[in-house]
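These protein sequence lines are chains A and B, in that order. Under our numbering, the residues of the first sequence are numbered 1 to 110, in order. Under our numbering, the residues of the second sequence are numbered 1 to 114, in order. Ideal placement from N, C-alpha and C gives every residue a C-beta, glycine not left out. As structure tokens, the structure follows; a few thoughts come after it.
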Amino acid sequence: GQQVMQIPQYQHVQEGEDFTTYCNSSTTLSNIQWYKQRPGGHPVFLIQLVKSGEVKKQKRLTFQFGEAKKNSSLHITATQTTDVGTYFCAGLSGTYKYIFGTGTRLKVLA
Amino acid sequence: SQTIHQWPATLVQPVGSPLSLECTVEGTSNPNLYWYRQAAGRGLQLLFYSVGIGQISSEVPQNLSASRPQDRQFILSSKKLLLSDSGFYLCAWSATRWKDYGYTFGSGTRLTVV
């Protein structure tokens, strides 16, 4: 079945450093979503990418969708302690359901 | 505005006992509804989804079941819990038509089977 992998699994950064997580799918995706889950909390939707090569920005966060629509990345510039959490990508499988990636847990050291 | 309610927040149940988790959505009609499970420190595993009343699609064969008795109500059940059923259960909804809003998750239920 469809698999969505993320790397790295864990990342520790000093506050102010940049951070990137990569998402790779075994199949072509019609679109991809990104979520953030704070420790002890539930996932919260961040953004959706639909077009091949699409790039979207939210303040310090930059999201990219690969040209082949099989991979995506999330880049955070100048991390802050509020960025702590687990970041998940999710790829659309079929019409109604998203398959979530394995997640990248980010820790920011002050 | 739309809201999603999930309860209870935490639950400790003995092995072999039944389970019933409830999720309701307000402020929208005909939502797509989902149950996910997250093991400690792990990703999200899709268990069931529903695109309408009485319509349930199962993703993982196990001793869990789901029902949708009303448009905005989604229930996760088990007749006999196993130790391996422990985890963080999350209900989510999405609009029936494609929208750029993604899933909205409930606050989750932390289930510990002892």
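Give the range of the beta strand (DSSP E) segment to which residue i is assigned.
i        : result
Pro43/A  : 43-49
Gly85/A  : 85-93
Ala66/B  : 64-70
Lys56/A  : 55-58
Ser107/B : Counting along the chain, Ser107/B falls outside any beta strand (DSSP E), and DSSP gives it neither H nor E.
Asn24/A  : 19-25
Under 9 angstroms, Cβ to Cβ, is there at least one residue of chain B near residue i?
i        : result
Gly41/A  : yes
Ile99/A  : yes
Tyr96/A  : yes
Leu29/A  : no
Thr102/A : yes
Gln64/A  : no
Arg105/A : yes
Val84/A  : no
Ser44/A  : Note that residue 44/A is Val in the sequence shown here, rather than Ser. Chain B, which has a Cβ nearer than 9 angstroms to the Cβ of Val44/A, makes this yes.
Counting contacts by CB-CB distance shorter than 9 angstroms, is residue i in contact with chain A?
i       : result
Leu64/B : no
Glu22/B : no
Ser84/B : no
What's the call for residue i, buried or exposed, on a 16-neighbour Cβ count within 10 Å?
i       : result
Gly94/A : exposed
Asp85/B : buried
Quick check on residue i: does DSSP put it in helix, strand or coil?
i       : result
Leu76/B : strand
Leu90/B : strand
Thr24/B : strand
Thr77/A : coil
Leu83/B : helix
Kindly list the residues whose CB is nearer than 6 angstroms to the CB of residue i, restricted to its own chain and excluding five residues on each side of it in sequence; keep chain order.
i        : result
His12/A  : Lys107
Arg110/B : Thr10, Phe88
Below 7 angstroms CB to CB, which residues in the same chain sit around residue i once its five sequence neighbours on both sides are set aside?
i       : result
Gln14/A : Leu109
Leu49/A : Asn31, Ile32, Lys56, Phe63, Phe65, Ser72
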